[in-house]
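S.K.: Quick note: to get the working numbering, add 29 to the position in the sequence shown (first position is 1).
Idealized CB from N, CA, C, for every residue including glycine.
What follows is a structure written as structure tokens; I'll ask about it next.
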Amino acid sequence: YSAQGLLNTWPSRFTRAMAEQMARRPEDIANHVYGGRLGNHNPGDGWRYRGRGLIQVTGQVNYEGITETLAEKVGGVPDFTLHPELLESPKWAALSAAAYWDDHDLNELADDGLFDKITSKINGAQIGKADRRARYSRAKRVFGA
30 YSAQGLLNTW PSRFTRAMAE QMARRPEDIA NHVYGGRLGN HNPGDGWRYR
80 GRGLIQVTGQ VNYEGITETL AEKVGGVPDF TLHPELLESP KWAALSAAAY
130 WDDHDLNELA DDGLFDKITS KINGAQIGKA DRRARYSRAK RVFGA
């Protein structure tokens with residue numbers, strides 16, 4: 030993230046001076062934004078449990094949750110809190126997204142075309158809305174929907 034990108038994405042978490050100091054330093058950014066929340070308690074946890082997978086699992090508590098959810102649904106699952114980097118692999122990135130989608134009943138919202146509600150359930154915010162809508166429109170054209 031550039032300094033302006035940090036200010037646009039997390040306006041309540043960065044002052045201009047902080048944004049300029051942390052710009053283009055992803056580990057520092059993750060530790061600042063996610064440290065001390067989402068189950069991240071130890072120094073470096075913000076970076077260790079940064080967003081991974083197709084739905085961007087973020088925070089130790091969510092890594093624990095996706096480990097439990099996938100263990101129930103498919104079995105043979107590694108402990109993602111011990112090996113968070115595994116959510117970067119195509120297999121676990123896709124399975125974690127599918128499990129989250131199923132666990133949060135997102136099919137019904139998708140069937141009703143409630144795109145913003147899906148986004149809110151996944152992220153809680155609408156940052157990047159225009160980009161998501163453009164990608165969704167393109168995907169619909171590609172798949173003939």
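1) Taking only runs that begin and end inside the stretch 37-88, name each unbroken beta strand (DSSP E) of 3 or more residues, in chain order.
2) Under 8 Å, with one C-beta from each stretch per pair, do the stretch 70-86 and the stretch 37-44 reach the 3-pair mark?
3) Taking the continuous alpha helix (DSSP H) assigned at Ala122, which residues delimit it?
4) Could you say which of Trp39, Ala32, His112 and Gln33 lies nearest to Gln155 if we only look at CA atoms?
5) Alpha carbon to alpha carbon, what distance is there between Leu138 and Lys146?
6) Specify whether the stretch 109-117 and the stretch 88-99 touch according to this definition: at least 3 beta carbon pairs, one from each stretch, less than 8 Å apart.
7) Applying the criterion that 16 or more other CB atoms from any shown protein chain within 10 Å of the CB defines a buried residue, is Gly104 buried or exposed?
8) Give me the Cα-Cα distance between Pro72 and Gly65, rounded to the nearest whole angstrom.
9) Going by alpha carbons, who is nearest to Gly88 out of Ala127, Asp134 and Ala59?
10) Just checking my contact of Ala52 with Tyr30 at CB under 8 Å: how many whole Å lie between their CB atoms?
M.R.: Looking at the coordinates:
1) none
2) no
3) Within the sequence shown, numbered from 1, the residue matching residue 122 stands at position 93. First-last of the alpha helix (DSSP H) with Ala122: Pro119 to Asp132.
4) Against the sequence shown, residue 155 aligns to sequence position 126. Of the listed residues, the one whose Cα sits closest to Gln155 is Trp39.
5) Along the sequence shown, one-based indexing puts residue 146 at 117. Along the sequence shown, one-based indexing puts residue 138 at 109. One C-alpha to the other measures close to 7 Å.
6) yes
7) Position 75 of the sequence shown, counted from the start, is the residue given in the question as residue 104. Counting Cβ neighbours within 10 Å, Gly104 comes out exposed, since fewer than 16 surround it.
8) Residue numbering aside, residue 72 sits at position 43 when the sequence shown is read from its first letter. Residue numbering aside, residue 65 sits at position 36 when the sequence shown is read from its first letter. Approximately 9 Å, taken between the alpha carbons.
9) Against the sequence shown, residue 88 aligns to sequence position 59. It is Ala59.
10) Reading the sequence shown from its first residue, position 23 is the one you call residue 52. Reading the sequence shown from its first residue, position 1 is the one you call residue 30. Going by Cβ atoms, the distance from Ala52 to Tyr30 rounds to 6 Å, so yes, they are a contact pair.
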